[in-house]
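Residue numbers (the numbering used here): 3 to 59.
Here the structure is laid out as structure tokens; the discussion comes afterwards.
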Amino acid sequence: MAVFLGRAANIYPLSFLLNLGRRNKISSNFQHMMMFAGVYIELQVIPMISQDPNYEE
């Protein structure tokens, strides 16, 4: 949950600030896509990171 909130706290305010000086604005649909695409990738990486490197069968 903290990862989700942290990503939202970065993507939406930074997109807002970037949109202030742009003619070609970042749409809200694209902001949502960046939000959920990042969460999707993180959910795939977390199990790889959390595995013990010293594990032997």
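We put the beta carbon where it would ideally sit given N, CA and C, even for glycine.
Non-local C-beta neighbours of Tyr14 in its own chain, meaning closer than 7 Å and more than five positions away in sequence, comprise Gln33, ordered along the chain. DSSP, read as helix, strand or coil, puts Ile13 in helix. Its chain contains Ile13 as the residues whose beta carbon lies nearer than 6 Å to that of Met36, once the 5 sequence neighbours on both sides are disregarded; these appear in chain order.
If the five residues before and after Lys27 are omitted, its C-beta is found closer than 7 Å to the C-beta atoms of Asn21, all from its own chain and listed in chain order.
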